[in-house]
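Only one structure is covered here, and it is reproduced in the block below.
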Amino acid sequence: MYTIVCPACNCENKFPRLKRDIYRTRNTEPDGHPLEVKWMVKSEFPEWLTPLNFFWGVCERCFYTGQLDDADFRQWEKNSKKFLGMYHDGLLDNLAAQADTGQGPMKAIIKGLVPEDPFGTAIAQFYLGIFSECLKTAPIAGNIARFYLRIAWLYRDAPGILQQFAANTGIKEVLEEAGPIWDKELPPNSSYPLPPGVATNEVGALRYAMAYFEWNFRSLSSASYEDEMRLMVLIAEIGYRVYELTNEDNDFQKGQTLFSGSMQKCLSVINDKTIEGGAVNKAKDSLEKLGERGRELGLLKQRRDKGQDLPVDPVISPLPTAPQNGSGPSPDAPEENADTDVVVAESPPPEVEPAPAAAPEESLDSLKQKIDQMD
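Each step along the sequence shown adds one to the number in numbering that gives the first Met the number 0, with nothing skipped, and position 133 is 132.
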């Protein structure tokens with residue numbers, strides 16, 4: 000168990016501690032979405048349970064939310080001046096005060112935290128985490144992007160392994176009600192590519208993820224060529240997925256731009272005689288992958304123009320798309336108030352056999368108790 004004092008209201012909270020080898024993933028999609036999770040313990044877990052259900056530490060009093068795999072959050076008291084100094088003056092105190100008044104976006108979102116609804120609970124926790132990140136004077140672009148991408152994964156899982164919960168969840172209504180409060184209380188930041196908001200479907204979450212990964216890319220200052228190319232491939236794959244879901248011409252054009260711009264970057268690395276070794280090999284590998292997927296995107300567009308391979312239920316998202324540019328991602332000068340570290344989808348661990356399904360009647364609380372006992 001982790002015991003963490005909330006940096007906002009000083010409430011002591013206990014959270015499950017997952018060992019790094021307690022699970023493995025198998026069969027990931029191009030944007031990193033894992034299709035299978037195998038829990039490496041004797042006790043059986045329901046197939047819908049994933050590490051995303053244990054991603055966050057949510058304060059039970061004020062609902063400040065931090066990543067449990069973030070050592071700075073877990074040990075913030077060791078250097079409290081540095082940690083608290085990352086936040087706007089007074090906003091953590093305001094969070095604690097709102098816990099007593101029952102006001103604010105966190106209070107509105109926690110209506111979705113229902114133990115019997117792990118789907119809605121997981122999504123609500125991610126939005127609590129995003130809002131907590133946005134209380135910082137310099138929110139980390141890569142973090143916000145990762146959080147939105149994982150929200151998109153959760154929405155993607157809804158028709159499958161989470162369908163027994165997603166069909167009856169009230170999270171969409173909760174988020175729609177919380178949205179105006181979120182917009183009103185979100186601290187302004189002129190560096191945002193678009194203000195973080197509440198997405199109620201996969202497309203909306205992917206649009207936010209793409210915008211913030213592009214911001215992350217533009218703000219890179221010291222990342223390796225390999226990291227740059229991994230991030231470019233991820234952004235292009237997100238663009239591909241958006242077009243798959245929407246069938247909108249603008250999204251196809253955006254996807255084409257991402258693939259072509261990323262391929263140009265790979266070619267520049269390959270042709271640069273001052274770059275040697277692993278970076279060149281990674282550029283060649285990325286160029287091949289990008290070329291193949293770019294051709295697949297073009298063929299998909301051709302089939303759809305003929306009325307073939309259309310999405311069953313195209314999603315029209317009201318959210319603004321990420322900024323368009325003519326050459327795909329490009330490493331401009333670092334932007335102010337932006338993350339300077341590349342954040343990419345994790346490489347999948349070695350493949351394992353599919354996880355056995357178990358009865359879904361258990362609540363999240365009982366499953367957390369199982370995991371606590373294994374620590």
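Each residue gets a CB set at the ideal place from its N, CA and C atoms; glycine is no exception.
On a predicted model such as this, the values are computed, not experimentally measured, just so you know.
Buried or exposed (CB count within 10 angstroms, at least 16 for buried), residue i
i	result
K264	buried
M0	exposed
L309	exposed
H376	In the structure as shown, the chain begins at 0 and stops at 374. Residue 376 is therefore absent and cannot be evaluated.
M39	exposed
P15	buried
D30	buried
Y70	Here residue 70 turns out to be Ala, not Tyr, going by the sequence shown. Exposed, since its Cβ has fewer than 16 Cβ neighbours within 10 Å.
P114	exposed
K253	buried
A137	exposed
E11	exposed
T100	exposed
N78	exposed
G277	exposed
D338	Caution is warranted here: a pLDDT of 44 is assigned to D338, below 50, making its placement in the model unreliable, and no coordinate value can be reported.
T199	buried
L112	buried
S190	exposed
S221	exposed
Rounded Cβ spacing between residue i and residue j (contact assumed at less than 8 Å)
i	j	result
N215	A144	6 Å
L384	F258	No statement about residue 384 is possible, as the shown extent of the chain runs from 0 to 374 and does not include it.
A204	Y239	Actually they do not touch by this definition, with Cβ atoms about 15 Å apart.
M105	L134	The pair is not a contact, with the Cβ atoms about 10 Å apart (cut-off 8 Å).
A282	Y224	7 Å
F118	T168	5 Å
T64	W75	Not confirmed; about 13 Å, so no contact.
One or two residues paired with residue i in a DSSP bridge
i	result
E35	R25
Y1	F14
K135	Y86
Residue interval of the alpha helix (DSSP H) (run including residue i)
i	result
E11	Per DSSP, E11 belongs to no alpha helix (DSSP H); it is in the beta strand (DSSP E), E11 to F14.
G169	No alpha helix (DSSP H) contains G169, which DSSP labels as neither H nor E.
W152	A140 to D156
D85	Looking at the sequence shown, residue 85 is not Asp but Met. Unbroken run through M85: none, as it is neither H nor E.
A107	P104 to I108
R73	A70 to R73
Residue i: first and last residue of the uninterrupted beta strand (DSSP E) it sits in
i	result
V202	Run containing V202: none in the beta strand (DSSP E); it sits in the alpha helix (DSSP H), E201 to R217.
V197	Neither: V197 is in no beta strand (DSSP E) and is coded neither H nor E.
W55	W55 to V57
G65	T64 to Q66
- request: Entirely within the segment 212 to 289 and at least 4 residues each: give me those alpha helix (DSSP H) ranges in chain order.
  value: The segment 212 to 289 contains these whole alpha helix (DSSP H) runs: 224 to 245 and 248 to 270.
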